[in-house]
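A.B. asks: For the sequence shown, the residue numbers in my numbering are 5 to 154. Backbone N, C-alpha and C define an ideal beta-carbon position, used for all residues, glycine too. Please read all numbers here as calculations on a predicted model, not as lab measurements.
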Amino acid sequence: MYYYNIAILRLLLPIAGIIMILIGTSVYSVYKALQKEVVILQENDSKLEEIQNNVMTRLSTSLMVLAVAMMLAGCAKGDSHFIVQGKIEDISSETGQILVDGFWLPVREHERFMVGEYVIAEIESRAPGDSYDPDLTTVRRIERGSEASK
Numbered sequence: 005m006y007y008y009n010i011a012i013l014r015l016l017l018p019i020a021g022i023i024m025i026l027i028g029t030s031v032y033s034v035y036k037a038l039q040k041e042v043v044i045l046q047e048n049d050s051k052l053e054e055i056q057n058n059v060m061t062r063l064s065t066s067l068m069v070l071a072v073a074m075m076l077a078g079c080a081k082g083d084s085h086f087i088v089q090g091k092i093e094d095i096s097s098e099t100g101q102i103l104v105d106g107f108w109l110p111v112r113e114h115e116r117f118m119v120g121e122y123v124i125a126e127i128e129s130r131a132p133g134d135s136y137d138p139d140l141t142t143v144r145r146i147e148r149g150s151e152a153s154k
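#1: Going by DSSP, what residue range makes up the beta strand (DSSP E) through residue 105?
#2: Determine the DSSP secondary structure at residue 143, reduced to helix, strand or coil.
#3: How many whole angstroms separate the CB atoms of residue 66 and residue 31, which I take to be in contact at a CB cut-off of 8 Å?
#4: To the nearest angstrom, how far is it from the Cα of residue 103 to the Cα of residue 60?
#5: Residue 113 by DSSP, collapsed to three states: which one?
#6: Would you identify the three-state DSSP class for residue 121, choosing helix, strand or coil?
#7: Check for me: the beta strand (DSSP E) holding residue 98 runs from which residue to which?
#8: Between residue 125 and the rest of its own chain, which residues show a CB-CB distance below 6 Å, the 5 nearest in sequence each way excluded?
#9: Suppose you measure from the CA of residue 149 to the CA of residue 119; what does that come to, to the nearest Å?
Written out as structure tokens, the structure is:
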């Protein structure tokens with residue numbers, strides 16, 4: 005079984021979260037420091053306006069990065085795509101599933117498959133994490149193959 009799921013994204017999300025915390029902390033500390041300077045700079049409105057623009061630019065950049073991180077987190081909803089290949093070990097006519105490499109795969113027209121036949125199936129699973137739940141498994145594509153096509 006070959007995984008080509010979102011494992012990389014799962015590794016990057018905590019890193020993105022740490023970066024967002026650091027950016028938020030730095031923007032907040034700059035904002036607090038500038039609040040102290042506002043009293044001094046009230047006489048010089050142009051300098052104050054320039055500083056406020058800089059703070060707003062940093063804040064909007066942080067919000068954009070946060071929006072992108074949230075979008076990536078939304079994409080990582082837990083779907084896993086993987087390939088199962090091997091000989092059909094068993095066929096359940098009651099549930100309409102075939103057993104391949106230890107995985108029960110729901111298929112249409114299970115009658116057209118035979119025990120011992122070699123198949124390659126592209127699977128999508130909505131089960132949380134790396135767990136396996138046949139009820140949350142969808143066979144995207146299944147084709148007959150040969151062991152030489154490994």
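C.D. replies: If we stick to the structure as given:
#1: As a working note, residue 105 is residue 101 in the sequence shown. Here residue 105 belongs to no beta strand (DSSP E), and DSSP marks it neither H nor E.
#2: Numbered from its first residue, the sequence shown carries residue 143 at position 139. Strand.
#3: Reading the sequence shown from its first residue, position 62 is the one you call residue 66. Reading the sequence shown from its first residue, position 27 is the one you call residue 31. Right, their Cβ atoms sit about 5 Å apart.
#4: By one-based count along the sequence shown, residue 103 stands at place 99. By one-based count along the sequence shown, residue 60 stands at place 56. Residue 103 and residue 60: Cα-Cα distance of roughly 58 Å.
#5: In the sequence shown, counting from the first residue as 1, residue 113 sits at position 109. Note: residue 113 maps to coil in three-state DSSP.
#6: To locate residue 121, count along the sequence shown from 1; it is residue 117. Residue 121 falls in the coil class under three-state DSSP.
#7: For the purposes of this step, residue 98 is taken as the residue at position 94 of the sequence shown. Careful: residue 98 lies outside any beta strand (DSSP E) and carries neither H nor E.
#8: Numbered from its first residue, the sequence shown carries residue 125 at position 121. Once the five neighbours on either side are set aside, the close Cβ partners of residue 125 are 88, 109, 143, 146.
#9: If you number the sequence shown from 1, residue 149 lands on position 145. If you number the sequence shown from 1, residue 119 lands on position 115. About 14 Å.
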